[in-house]
Every structure is written in C-alpha cells, then in structure tokens.
Amino acid sequence: AFGLALLLVYMILAAQFESFVHPFTILMAVPLALVGAILALALTGQGLNTMSLIGVVILVGIVVNDSIVKVDFINQGIARGLRLRDAILEAGLVRLRPIVMTTVTTVLGLFPMALGIGRGADLRAPLAISVIGGLIVATALTLIVVPVVYAVVEDVRRMWHRRRTSRSAPRAETVLQSAGLS
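So the sequence shown is residues 854 to 1035, counted in the working numbering.
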C-alpha cells in the first residue's frame, strides 16, 4: 500500500510539474523522513505499530509538501530568468522561514501527545513521535539535500539534452558542404 501511495504521489507530481524528473527530487525527502521517524521511535523505546505507521503517512505528506514548496519556487525563479544557482539560493532564502515554521508549529503541536499527556495518549504517542522525529531530520536535511539533488538532476538533464540535440542536428560543416559553400 505504501508503494502504491508513493506511485500515486509521483504521478500527481509529474502531472503538476510536467516533468518525470522533478518528482524524484521532491520524493527525496521521503527516505530522509523515514530515517528520522525510525530513529525517534528507537530512541524513545517505541516500536513500529499501527499508530506509528499512521504517523509516517502524515509525515510523508508534510515533508513532500515542504519539498514541493521549495522545488516550485526554484522553478519559478528559473522561469523568471534566474540562473539555476541563483534560483536555488533565492528559494533557500525565501522559503526557509515558511518551511521551518511549518516544522516548528507541527512539532510543538504534537509534543504533548508525544509525552503521553492525557487519557489514552500513551496509545497515540508513537504517532506523534514518528512525526516529530521524521520532521526534524527531514526538514534539516531537505533544506540541503533537495536543492543539491535538484541541481545535479538539472545538470544531468541539460547535459543529456545538449548531447541529444548535437547528435540530431546537422553540423555546420555538413550543411555548408551539402550547399556547395565549402
């Protein structure tokens, strides 16, 4: 079911960004979030159970959203004529606060649940712990990893595109020779 959910998210992102490549950049946040969730559960002595897995689903939605915000802003910068590096730097500066604020408010909101405060909270604690741990790790790493992956993917895509067009386009010498001009 988790694999199907990721496939559906990929397809929606591919349609939204009109790219088969950028969804992979966005989905790079998912493994980072999973590492954080599993680490947080292990550190608190919690195991994987239904509630922690529900937390992981919530977590994936949040971190994918943060990555979408960042990648979309990079794309907007490029569309405005910024160089790739400048668009990435601008996105990092402009989107840092909203991404960090989303993480901070979510973590603070889930903190009482993670502590097991209230009736039945001990059952819900793994959900909160998995979201909190995953968000902290994924946000910290996503702010760095997503732009780096974006830059690498764009460089490879541009290199591949240049190579493809140079092979299919006739060389200037060939055109001149066929026209009898050389």
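Note that beta-carbon positions come from the ideal geometry of N, C-alpha and C, so glycine has one too.
Note on geometry: alpha-carbon atoms of L988 and A893 lie some 10 Å from one another. Note that the C-beta distance between V1002 and V874 is not below 8 Å.
When the beta-carbon positions are compared, I927 and I915 stay at least 8 Å from each other.
Measuring C-alpha to C-alpha distances from I891 to each of A944, R938, G986 identifies G986 as the nearest. Judged by their CB atoms, L912 and A886 are nearer to each other than the 8 Å cut-off.
Approximately 4 Å separates the beta-carbon atoms of M904 and L980; this is inside 8 Å, confirming the contact.
Per DSSP, F926 is one residue of the alpha helix (DSSP H) stretching across 903-932. Only exposed fits I997, as fewer than 16 other CB atoms lie within 10 angstroms of its CB. Taken through DSSP and simplified to helix, strand or coil, E871 comes out as coil.
If you draw a straight line from the Cα of V910 to the Cα of S1019, it comes to about 44 Å. Rounded to whole angstroms, the gap between the alpha carbons of I982 and G908 is 8 Å. T995 sits buried, since 16 or more C-beta atoms from the chains shown fall within 10 Å of its C-beta.
If you look at T955, you'll find it in the alpha helix (DSSP H) that goes 937-968. Assignment of R972 by DSSP, reduced to helix, strand and coil, places it in the coil class.
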